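A.B. asks:
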Amino acid sequence: MAMNRREFLKIAGFSTLLGLGGKAAFELLAPGEIEAAMEGIPLTAGKKWGMVVDMTKMDERIMDEAIKVCHRIHNVPKVENTKQELKWIWKETYEHTFPGQHHEYPAEAYHGRNFLLLCNHCTNPPCCRVCPTAATWKREQDGVVMMDQHRCIGCRFCMAACPFGARSFNYGDPRKAPEELNPEFPTDMTYPTRSRGVVEKCNLCAERLAKGQIPACVEVANKIKKGALTFGDLADKDSEIRELLREHYTIRRKPELGTGPNVYYII
Amino acid sequence: MYDGWKIIVGLVIGVCVLLYPFWPSAGKWDAKVPEPELTARAKEAKECVEPKSYIRTEHMKLLDEWRQEAVRDANRIYKSSTGKIYDKSLQNTCMECHSNKSKFCDQCHNYTGIDPFCWDCHIEPKEKT
Amino acid sequence: MLEKAIRGSQTYWGWLIFLLLVIGVGAGNFIYQFFEGLKITGMSRDVSWGLYIAQFTYLVGVAASGVMVVLPYYLHNYKAFGRITILGEFMAIAAVTMCILFLWVDLGQPIRVLNVMLYPQPNSIIFWDMVVLSGYLILNVLIGWNVLSAERKGIHYPKWVTPLIYLSIPWAFSIHTVTAFLYQGLPGRHFWLTAIMAARFLSSAFASGPALLLIICFIVRRFTKFDPGKEQMRTLASIVTYAMILNVFFFLLELFTAFYSQIPGHMVHFRFLFAGLEGHGRLVPWMWAATVFAVLALVLLINPSTRRKEDTMILGCASVVIATWIDKGMGLVIGGFTPNPFERVTDYWPTVPEVLITLGVWATGFFILTVLFKVAASVKEEVAGY
Numbered sequence: 122m123a124m125n126r127r128e129f130l131k132i133a134g135f136s137t138l139l140g141l142g143g144k145a146a147f148e149l150l151a152p153g154e155i156e157a158a159m160e161g162i163p164l165t166a167g168k169k170w171g172m173v174v175d176m177t178k179m180d181e182r183i184m185d186e187a188i189k190v191c192h193r194i195h196n197v198p199k200v201e202n203t204k205q206e207l208k209w210i211w212k213e214t215y216e217h218t219f220p221g222q223h224h225e226y227p228a229e230a231y232h233g234r235n236f237l238l239l240c241n242h243c244t245n246p247p248c249c250r251v252c253p254t255a256a257t258w259k260r261e262q263d264g265v266v267m268m269d270q271h272r273c274i275g276c277r278f279c280m281a282a283c284p285f286g287a288r289s290f291n292y293g294d295p296r297k298a299p300e301e302l303n304p305e306f307p308t309d310m311t312y313p314t315r316s317r318g319v320v321e322k323c324n325l326c327a328e329r330l331a332k333g334q335i336p337a338c339v340e341v342a343n344k345i346k347k348g349a350l351t352f353g354d355l356a357d358k359d360s361e362i363r364e365l366l367r368e369h370y371t372i373r374r375k376p377e378l379g380t381g382p383n384v385y386y387i388i
Numbered sequence: 010m011y012d013g014w015k016i017i018v019g020l021v022i023g024v025c026v027l028l029y030p031f032w033p034s035a036g037k038w039d040a041k042v043p044e045p046e047l048t049a050r051a052k053e054a055k056e057c058v059e060p061k062s063y064i065r066t067e068h069m070k071l072l073d074e075w076r077q078e079a080v081r082d083a084n085r086i087y088k089s090s091t092g093k094i095y096d097k098s099l100q101n102t103c104m105e106c107h108s109n110k111s112k113f114c115d116q117c118h119n120y121t122g123i124d125p126f127c128w129d130c131h132i133e134p135k136e137k138t
Numbered sequence: 228m229l230e231k232a233i234r235g236s237q238t239y240w241g242w243l244i245f246l247l248l249v250i251g252v253g254a255g256n257f258i259y260q261f262f263e264g265l266k267i268t269g270m271s272r273d274v275s276w277g278l279y280i281a282q283f284t285y286l287v288g289v290a291a292s293g294v295m296v297v298l299p300y301y302l303h304n305y306k307a308f309g310r311i312t313i314l315g316e317f318m319a320i321a322a323v324t325m326c327i328l329f330l331w332v333d334l335g336q337p338i339r340v341l342n343v344m345l346y347p348q349p350n351s352i353i354f355w356d357m358v359v360l361s362g363y364l365i366l367n368v369l370i371g372w373n374v375l376s377a378e379r380k381g382i383h384y385p386k387w388v389t390p391l392i393y394l395s396i397p398w399a400f401s402i403h404t405v406t407a408f409l410y411q412g413l414p415g416r417h418f419w420l421t422a423i424m425a426a427r428f429l430s431s432a433f434a435s436g437p438a439l440l441l442i443i444c445f446i447v448r449r450f451t452k453f454d455p456g457k458e459q460m461r462t463l464a465s466i467v468t469y470a471m472i473l474n475v476f477f478f479l480l481e482l483f484t485a486f487y488s489q490i491p492g493h494m495v496h497f498r499f500l501f502a503g504l505e506g507h508g509r510l511v512p513w514m515w516a517a518t519v520f521a522v523l524a525l526v527l528l529i530n531p532s533t534r535r536k537e538d539t540m541i542l543g544c545a546s547v548v549i550a551t552w553i554d555k556g557m558g559l560v561i562g563g564f565t566p567n568p569f570e571r572v573t574d575y576w577p578t579v580p581e582v583l584i585t586l587g588v589w590a591t592g593f594f595i596l597t598v599l600f601k602v603a604a605s606v607k608e609e610v611a612g613y
């Protein structure tokens with residue numbers, strides 16, 4: 122994780138509080154204390170979130186678990202027409218993750234190997250530039266590229282603009298997705314589904330960040346193999362993520378386009 | 010009247026079409042005034058996020074403000090006028106107490122002919138039938 | 228003047244009723260799409276724009292027919308076009324209406340469309356597209372209606388219309404430029420990421436718009452007593468010719484850049500369109516057909532004898548319309564999305580409901596066009612004393 126001891130304790134404290142059934146816990150404390158602490162987003166304000174995918178530690182199982190947990194806690198369904206699939210985080214082979222980078226004589230370990238892909242939460246996102254209603258925008262506080270499903274008109278301009286194919290569209294009603302493919306749907310009762318006709322993508326677990334938790338994919342990956350996925354504050358030069366970037370050579374997808382992706386890959 | 014029949018027939022059709030909003034409730038004019046039921050949990054809590062008189066008339070506006078502030082302003086903490094703090098969440102705050110949607114929310118909504126589309130995305134709590 | 232539209236021959240009413248039937252079928256399918264979602268179309272996660280946006284892109288060009296008649300008359304005093312400016316303006320109204328309808332049926336949440344006005348985002352090109360298209364529609368309605376009204380009364384149109392007419396000229400150029408900007412500013416879509424996209428849009432617009440207008444002029448001459456005029460039609464044909472030459476030339480420029488540089492990211496989209504990729508090649512025969520029609524158009528239109536003879540003139544114009552419809556429609560949109568950012572190929576082909584909704588929107592446009600042209604032709608007949 123990206124924080125120092127003080128922040129870790131803050132997070133642990135709030136997580137416990139919120140783990141006690143949300144508002145009930147709040148009611149136990151004097152209003153004044155909480156108010157003082159709860160202005161804005163206490164734990165994410167002033168941050169610049171980034172992620173490092175360490176391919177030297179990553180394996181198929183970690184990737185599968187990360188995808189599973191993300192799609193479970195966000196109620197992402199499997200639809201019958203795979204061409205219209207919905208995915209917030211997924212696997213792609215090396216050649217297709219970095220098109221234009223590969224050559225005829227690839228290293229054996231990387232030839233056809235799966236990488237983990239998700240929205241890069243770019244510093245200069247073209248998707249936000251093109252959205253006509255600001256249904257997607259880059260949060261000033263911490264750089265998360267957010268989605269507002271209440272406002273999205275489903276024009277799919279953002280999907281055309283994203284050079285990374287990170288966005289999915291609900292061509293049909295996600296609640297009408299076939300039961301055989303989605304036996305427990307909705308898989309998480311504390312999070313909404315989407316309606317038909319809106320775009321969705323990884324939201325960097327904004328609802329978890331608000332409670333002081335790290336994204337679910339990172340949490341699950343670290344449980345299996347510490348350091349496979351690292352999440353942290355790129356603006357803090359003493360953070361773990363910055364240390365990783367200093368010590369290891371990292372590449373990003375399509376950097377020449379200037380979108381400033383914030384997901385780095387250690388090869 | 011010249012073309013009298015055409016005018017009368019046209020008028021009748023026109024008036025019927027104008028009364029379109031009332032078609033779905035035809036024949037149901039003796040419907041009972043709704044009596045929303047509180048769950049045991051709601052009764053225990055004694056008060057809602059805001060006082061009942063305010064909440065009854067303003068909950069739509071409140072939810073609209075919540076969704077704007079929670080999603081767009083990343084401000085998920087609500088400080089109620091009663092002094093308590095709540096999470097701005099329809100699913101996790103409101104529906105935690107009022108988990109009997111069909112006996113609570115739907116009672117008034119159905120009576121007044123309102124069909125809020127919140128439930129297209131936000132998940133209704135499972136009710137024991 | 229609308230009363231002119233409710234009196235007409237059997238053919239006129241037959242055509243309108245046929246159009247209404249097509250509109251009905253389209254509307255029914257749209258209701259089906261409204262409740263089921265866009266999953267009933269052939270669009271996918273990779274090819275997220277399809278037939279609807281292809282038609283929208285093409286029709287923005289057709290709406291240019293207005294300015295190609297208005298510009299010579301008002302800016303260069305080419306008196307001959309005075310008779311037919313109204314036809315150009317009315318066709319622009321029908322075309323822009325179709326554009327707006329195609330955009331609307333393509334939305335995932337159509338009833339939220341007003342969000343584009345409620346939450347304006349000047350950084351988004353769609354916002355500007357909404358501004359310029361709505362503005363152009365309003366301009367053409369105001370100008371067309373007032374000018375025709377005045378003609379009927381035998382007086383000069385009111386003075387306030389004049390600045391609007393002059394405004395409509397650069398405004399027409401702006402609708403193509405802005406629509407081209409939708410495509411040419413997207414990083415990662417190398418088929419579209421070229422400065423010449425706006426120039427290509429303008430040249431294909433000034434070819435296809437007047438070509439379609441010319442064909443409709445022939446129909447007007449055939450079915451009403453209003454004759455747009457031989458000289459007018461010849462000049463229009465010349466405009467179409469020059470514009471088509473430019474259009475084909477710009478396309479060849481694109482081919483050069485892609486294939487001389489040998490950059491895979493640039494070449495691959497052309498390969499997909501003209502040869503197919505990884506076994507996906509449904510668009511290949513269409514693109515080659517567009518090429519054949521483009522060549523035929525140039526041969527028929529550049530050669531003065533075939534350009535002046537009416538039947539070959541019409542054939543040349545029809546070839547222009549077909550070639551540009553394929554190239555600027557499906558060719559442009561699907562070619563841009565395939566292959567996707569991961570260099571994977573996902574097939575796209577419109578489904579039956581998608582095609583029926585498309586036909587419904589086209590029929591709506593032709594309905595508006597027929598009604599407006601009936602009004603215009605009838606007024607001109609009335610003024611001429613028929």
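Chain order of the listed sequences is U, L and G.
The opening position of the first sequence corresponds to residue 122 in this note's numbering, with each subsequent residue numbered one higher.
The opening position of the second sequence corresponds to residue 10 in this note's numbering, with each subsequent residue numbered one higher.
The opening position of the third sequence corresponds to residue 228 in this note's numbering, with each subsequent residue numbered one higher.
Each residue gets a CB set at the ideal place from its N, CA and C atoms; glycine is no exception.
Computed from a predicted model, the values in this text were never measured in an experiment.
1) Grouping DSSP H, G and I as helix and E and B as strand, with all else coil, what is phenylalanine 147 (chain U)?
2) What would DSSP say about valine 610 (chain G), mapped onto helix, strand or coil?
3) Given glycine 543 (chain G), which residues of its chain have a CB within under 6 Å of its CB, disregarding the five upstream and five downstream residues?
4) Do you know offhand how far histidine 195 (chain U)'s Cα is from asparagine 303 (chain U)'s?
5) How would you write the range of the alpha helix (DSSP H) that asparagine 109 (chain L) sits in, first residue to last?
6) Below 8 Å, how does it come out for the region 273–291 of chain G and the region 556–572 of chain G: are there three or more Cβ pairs, yes or no?
7) Can you list the residues of chain G that leucine 378 (chain U) reaches, using a CB-CB cut of under 8 Å?
8) So is alanine 157 (chain U) buried or exposed if we call it buried at 16+ other beta carbons inside 10 Å?
9) Counting Cβ pairs closer than 8 Å, one from the region 352–371 of chain G and one from the region 401–410 of chain G, do we hit at least three?
10) Asparagine 291 (chain U) by DSSP, collapsed to three states: which one?
11) Have a look at arginine 339 (chain G) and leucine 345 (chain G) and give me their C-alpha separation to the nearest angstrom.
12) Measuring alpha carbon to alpha carbon, tell me which residue in G:Leu429, G:Lys266, G:Tyr384 is nearest phenylalanine 629 (chain G).
13) Excluding the 5 residues flanking phenylalanine 445 (chain G) on each side, which residues of the same chain have their C-beta closer than 7 Å to its C-beta?
14) Please list the segments of the alpha helix (DSSP H) lying wholly inside the region 312–383 of chain U, counting only runs of 4 or more residues, in order along the chain.
15) Where glutamate 160 (chain U) and alanine 426 (chain G) are concerned, what is the direct C-alpha to C-alpha distance, given to the nearest angstrom?
16) Could you name the residues of chain G that methionine 179 (chain U) contacts, counting a contact when the two beta carbons are closer than 8 Å?
17) Quickly, what does DSSP pair asparagine 235 (chain U) with across the bridge? List them, please.
18) Below 8 Å, can you find three or more Cβ-Cβ pairs linking the region 56–63 of chain L to the region 80–99 of chain L?
19) Please state the DSSP three-state secondary structure of isoleucine 387 (chain U).
20) Below 9 Å on C-beta distance, what does methionine 190 (chain G) contact in chain U?
21) Quick check: the region 203–213 of chain U against the region 289–307 of chain U, are at least 3 beta-carbon pairs closer than 8 Å?
22) Residues in its own chain within less than 7 Å of phenylalanine 453 (chain G) by CB, not counting five upstream and five downstream?
23) Give the residues from the region 252–266 of chain U that approach chain G closer than 8 Å (Cβ to any Cβ), ordered along the chain.
24) Per DSSP, methionine 172 (chain U) is paired with what?
25) Give the straight-line distance between the Cα atoms of serine 546 (chain G) and aspartate 554 (chain G), rounded to the nearest whole angstrom.
26) With tyrosine 259 (chain G) and isoleucine 267 (chain G) assumed to form a contact (beta carbons below 8 Å), what rounded beta-carbon distance in angstroms separates them?
27) Would you give the residue range spanned by the beta strand (DSSP E) that aspartate 96 (chain L) belongs to?
28) Taking threonine 322 (chain G) as the reference, give the member of G:Leu440, G:Leu229, G:Ala470 with the closest Cα.
29) Under 6 Å: does the beta carbon of glutamate 263 (chain G) sit that close to some heavy atom of the ligand MG?
30) What separation, rounded to the nearest whole angstrom, lies between the Cα atoms of leucine 243 (chain G) and threonine 597 (chain G)?
31) What residues of chain G sit near isoleucine 372 (chain U), judged by a beta carbon separation below 8 Å?
32) Put lysine 88 (chain L) into one of helix, strand or coil per three-state DSSP.
33) Who are valine 266 (chain U)'s beta bridge partners in DSSP?
34) Check whether the region 213–222 of chain U touches the region 186–200 of chain U, taking contact to mean three or more Cβ pairs, one atom from each stretch, closer than 8 Å.
35) When we look at the beta-carbon of glutamine 222 (chain U) and count the other beta-carbons within 10 Å, is it buried (16 or more) or exposed?
36) With H, G and I counted as helix, E and B as strand and the rest as coil, what does DSSP make of leucine 207 (chain U)?
C.D. replies: Looking at the atomic coordinates:
1) A caution first: phenylalanine 147 (chain U) carries a pLDDT of 34, below 50, which makes its placement in the model unreliable, though a value can still be read off. Helix, per DSSP.
2) helix
3) Annotation for glycine 543 (chain G): Ala524, Leu527, Leu528 place their beta carbon closer than 6 Å to its own, counting only its chain and skipping 5 residues before and after.
4) 13 Å
5) Unbroken run through asparagine 109 (chain L): none, as it is neither H nor E.
6) yes
7) Pro414, Gly415
8) Bear in mind that a pLDDT of 39 at alanine 157 (chain U), under 50, signals an unreliable position, so the number given afterwards is only what the model happens to contain. With fewer than 16 Cβ atoms within 10 Å of its Cβ, alanine 157 (chain U) is classed as exposed.
9) The region 352–371 of chain G vs the region 401–410 of chain G: in contact.
10) coil
11) Cα to Cα, arginine 339 (chain G) sits roughly 10 Å from leucine 345 (chain G).
12) Summary: the structure shown does not reach residue 629 (chain G), with chain G confined to residues 228 through 613, and so no result is reported for it.
13) Ile541
14) 327–330, 337–345, 361–368
15) With a pLDDT of 43 at glutamate 160 (chain U), under the threshold of 50, the predicted position of this residue should be treated as unreliable, and no value is reported.
16) The premise fails here: methionine 179 (chain U) is roughly 18 Å from chain G at the closest Cβ pair, so nothing lies under 8 Å.
17) Bridge partners of asparagine 235 (chain U) according to DSSP: U:Thr214.
18) yes
19) strand
20) No statement about residue 190 (chain G) is possible, as the shown extent of chain G runs from 228 to 613 and does not include it.
21) With the cut-off at 8 Å, the region 289–307 of chain U and the region 203–213 of chain U touch.
22) Val447, Ala604, Lys607, Glu608
23) Cys252, Pro253, Thr254, Ala255, Ala256
24) Under DSSP, the beta-bridge partners assigned to methionine 172 (chain U) are U:Phe352, U:Val384.
25) 12 Å
26) 7 Å
27) Looking at the DSSP string, the run of the beta strand (DSSP E) that includes aspartate 96 (chain L) is 94–96.
28) Looking at the sequence provided, one finds alanine at residue 322 (chain G) rather than threonine. Checked all of G:Leu440, G:Leu229, G:Ala470; the closest Cα to alanine 322 (chain G) is G:Leu440.
29) The model on display carries no ligand, and the ligand MG is accordingly not part of it.
30) 8 Å
31) Per Cβ cutoff of 8 Å: no residues; isoleucine 372 (chain U) is ~16 Å from chain G at best.
32) strand
33) U:Lys259
34) no
35) exposed
36) coil
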